[in-house]
Amino acid sequence: MTMPQPPAGPMCTRDSIASELRAAGVRSGETLLVHSSLSSLGWVCGGPVAVVQALLDVLGDNGTLVVPAHSGDNSDPAIWVNPPVPEDWWPGIRASMPAYDPRTTPTDGIGVVPETVRTWPGAVRSAHPQTSFAAVGPRAAEILDDHALDCRLGERSPLARLEQVGARILLLGAGFGSCTAFHLAEYRIPAPLVDVSFALTTPQGRRWETVRDTSIDEDRFDELGAAFERDRPVLRATVGAAQVRLFPLADAVAYAAVWLAEHRPQPTLG
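Numbered according to my numbering, the sequence shown spans residues 39 to 308.
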């Protein structure tokens, strides 16, 4: 008879996570962009709800919690690779993909903590059908308003506003490959434009829309992150079993713009 495996520890609670986040340097009242991996923490009593509660406990009433709330499945099926779909399905998918609705469209591929924040009482979500962000706190609307359809992660996205307000990034068990802010740097160096398609809601109803936007790519972000924490101040700690990194968003973007231009040059633009 096969016996079930015991849960992987350590055991984490709302209070233990909050205590360790404070020890890691998270401050009450700040604006924090969080990338997270729930499984990296160990066994969490209360799951993602306890993690969000702990983050809000530490940030306090004057702090703002921000997470990516991306829905990348609302995209052109012609570019799907994981898995691809038959080409003869593409027209039907484009015609029937549910339109983005910030209230109901679930997050996709970014974990359970962001989805928990998205549905949290009082949460606000930005308007981009693919690369929205969700936030809870007094600066949520200021950061998330006016997310342009043709600017997924650039100057007219919440990332630029997070930079302006002096936000910091918390990688909570997540690696630098998940560091969305590095994409803001891609908008500040020469980069090609690509077609970006999605279903959205307009005053006239659902529409399949295609816009031109800067090409974005996570390729070599892990290498970029390793160089960044070698050269710049990054606070490191553990929460549960998770490795934590904490650093200013503006510092990461400035470093990435230089590093990407040198180590991941784009083809000459015509």
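Just so it is clear, CB atoms sit at the ideal spot from N, CA and C, and this is done for glycine as well.
For residue i and residue j, what's the separation of their Cα atoms in angstroms?
i	j	result
PRO124	ALA116	9 Å
VAL89	SER57	12 Å
ARG199	LEU182	8 Å
LEU103	LEU197	13 Å
ASP269	TRP246	44 Å
PRO122	ILE227	31 Å
TYR309	PHE266	This structure gives no information on residue 309, because the portion of the chain shown stretches from 39 to 308.
VAL150	SER170	15 Å
GLY192	GLY160	26 Å
GLY130	VAL96	46 Å
VAL18	ILE148	A question about residue 18 goes unanswered here, because the residues of the chain that appear run from 39 up to 308.
GLU256	SER109	16 Å
ALA46	ARG52	17 Å
THR157	ASP126	35 Å
LEU59	LEU262	25 Å
LEU94	SER216	21 Å
PRO176	GLY84	25 Å
PRO136	PRO241	16 Å
VAL296	VAL203	22 Å
TRP118	GLU300	29 Å
LEU287	SER134	37 Å
Three-state secondary structure (DSSP) at residue i?
i	result
PRO136	coil
PHE97	First, the amino acid is wrong: residue 97 is Leu here, not Phe. Three-state DSSP puts LEU97 in a helix.
ASP289	helix
THR169	coil
GLU201	helix
GLY211	strand
SER164	coil
SER57	helix
GLN281	strand
ALA186	coil
TRP128	helix
SER75	coil
LEU191	coil
Would you grab the beta carbon distance between residue i and residue j for me? Rounded to a whole angstrom, and I think it's under 8 Å.
i	j	result
ASP7	ASP111	Residue 7 cannot be examined here, being either before or after the span of the chain that is shown, 39 to 308.
ALA219	ALA290	5 Å
PHE285	VAL272	5 Å
SER54	GLY98	So it is not a contact: roughly 18 Å between Cβ atoms.
LEU298	GLU224	7 Å
VAL62	ALA275	One point to set straight first is that residue 62 is Ala, not Val, in the sequence displayed. About 4 Å separates the two Cβ atoms, so the contact holds.
Who are the Cβ neighbours of residue i in its own chain at under 7 Å, not counting the five residues just before and after it?
i	result
GLY211	SER74, SER75, SER78, LEU79, ALA280, GLN281
PRO152	VAL105, PRO106, ALA107, THR145, ALA172
ALA165	PRO140, HIS185
CYS189	SER195, ASP251
VAL82	CYS50, LEU76, ALA88, VAL89
TRP128	PRO115, ALA116
GLU244	With the sequence shown as reference, residue 244 is identified as Arg, and Glu is not the correct amino acid for it. The residues are ALA137, ALA237.
Which same chain residues, not among the five before or five after residue i, have their C-beta less than 8 Å away from its C-beta?
i	result
LEU231	ARG250, ASP251, THR252, SER253
VAL162	ALA172, ALA173, VAL174, ALA178, ALA179, LEU182
ALA264	PHE214
VAL87	THR154
ASN120	none
For residue i, I'd like the list of residues in its chain whose CB is within less than 6 Å of its CB, leaving aside the five on either flank, ordered along the chain.
i	result
TYR138	ASN112, PRO167, LEU238
THR248	ASP233, SER235
ALA229	THR252, SER253, GLN304
HIS221	LEU191, ILE254
ARG194	ALA186
LEU208	LEU70, VAL72, LEU284
ASN100	GLY67
VAL132	Checking the sequence, you will find Arg at residue 132 rather than Val. Closer than 6 Å at the Cβ level, and outside the excluded window around ARG132, lie TRP246.
GLY278	PRO48, CYS50, LEU79, GLY80
ARG302	ARG258
VAL64	VAL96
THR143	SER109
Say yes only if the C-beta of residue i is nearer than 7 Å to one or more non-hydrogen atoms of the ligand ADP, and no if none qualify.
i	result
MET49	The model on display carries no ligand, and the ligand ADP is accordingly not part of it.
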